[in-house]
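Letter by letter, the sequence shown follows residues 179 to 425 in the working numbering.
Glycine included, every Cβ here is placed at the ideal spot set by N, Cα and C.
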Amino acid sequence: MAADYELVVESCLLAGRLMMESGAETYRAEDTMDRMAISQELTQSQSFVTPTGIIFSGNKNLPTRLVRINARTTDLGKIASVNNISRKLAFGDITIEEAYSELKQIEDEHKTYPFWIQIVAAAIASGAFLLLFSGKLLDVPTALIAGGIGYAVSDRLEVRTRVKFFAEFFAAFIVTVIATISVASGLGSELDKIIIGSVMPLVPGLLITNAVRDLMAGSFVSGLSKGAEAFLTAFAIGAGVALVLSL
């Protein structure tokens, strides 16, 4: 029983960690872990999930486990894969051993797009947002360049420094410098539209959405912490833009 219990707990913690590292809502991760535990006859399981850690217990008389969440990104495909495994386990289509093996495969997989494709996507999104905000076609090339460079700077700095605030601040700073130079040289016309469109790939939209959804679901600790993280990110972007415009 001890070995089986350990495997169930390991599977639940792995599923919850993968979901939180991929940008899932807190209540969704808790629900997935509880359903997996109940499918293995741990009907009194308890889980407490925050953006930085998960506490899980299968029974009040059994050991409680804690796992730390160090990295957070956005990977909706990985969230869907973990949910699919939990459903198959709940329906009895796979065993807990098979579920754990599949979860380990998901953990080891790296299905993210190449970095250059991410930069191109950010650039295209920047140009599209500029047009969405009633910008001129003349400013699209500048938005493409500024948005792509800004995203690249943000991603590389976050990897190197592990400080998201600094990465977002410097990326917004670079975007505004490029936009300002473009307008000053006559290559661009509307500075505000270029800046707004170019910083949109940096805006924490999913984080804000998850914060609101967690608050509505009653996960106040996670909702407030995600909201604070989104606020700091937005403040960093605004500060980077304001610094250039004030010089």
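Please classify Gln224: does DSSP put it in a helix, a strand, or coil? The three-state reading of DSSP puts Gln224 in strand, counting E and B together.
Helix, strand or coil, according to DSSP, for Arg334 in the structure here? Arg334: helix per DSSP, three-state reduction.
Which class does Ala234 belong to by DSSP, given the choice of helix, strand or coil? The sequence shown places Phe at residue 234, rather than the Ala named in the question. Phe234 falls in the strand class under three-state DSSP.
Given Val361, which residues of its chain have a CB within under 6 Å of its CB, disregarding the five upstream and five downstream residues? Excluding residues within five positions, the ones whose Cβ falls inside 6 Å are Leu369.
Per-residue DSSP class, three states only, for Leu315: Assigned with DSSP and collapsed to three states, Leu315 falls in helix.
Taking 8 Å as the threshold (C-beta atoms), are Ser376 and Ala406 in contact? Cβ distance not < 8 Å, so Ala406 and Ser376 don't count as in contact.
Nearest-angstrom Cα distance between Ala345 and Gln218? Our two residues, Ala345 and Gln218, have alpha carbons roughly 43 Å apart in a direct line.
Output the distance between the C-alpha atoms of Val331 and Met198, rounded to the nearest integer angstrom. In this model, Val331 and Met198 are separated by some 25 Å (Cα to Cα).
Roughly how many angstroms separate the alpha carbons of Phe347 and Leu365, rounded to a whole number? Rounded to whole angstroms, the gap between the alpha carbons of Phe347 and Leu365 is 25 Å.
Pull up the CB-CB distance for Ala349 and Gly418, whole angstroms please, since I reckon it's below 8 Å. 7 Å between Cβ atoms; contact.
Separation of Gln283 from Ser397, as counted between CA atoms: Linking Ser397 to Gln283 through their CA atoms gives a straight-line distance of about 30 Å.
Using the C-alpha atoms, what's the distance from Asp182 back to Ala207? Those two C-alpha atoms are separated by around 22 Å.
Between Gly325 and Leu425, what straight-line distance do the alpha-carbon atoms span, to the nearest angstrom? Between Gly325 and Leu425, the C-alpha separation is close to 21 Å.
In whole angstroms, what is the alpha-carbon distance linking Ala180 and Met378? Here Ala180 scores only 41 on pLDDT, less than 50, and its place in the model should not be relied on; the value that follows carries that caveat. Roughly 50 Å separates the two Cα atoms.
The alpha helix (DSSP H) with Val381 in it runs from where to where? From DSSP, Val381 is part of no alpha helix (DSSP H); its letter is neither H nor E.
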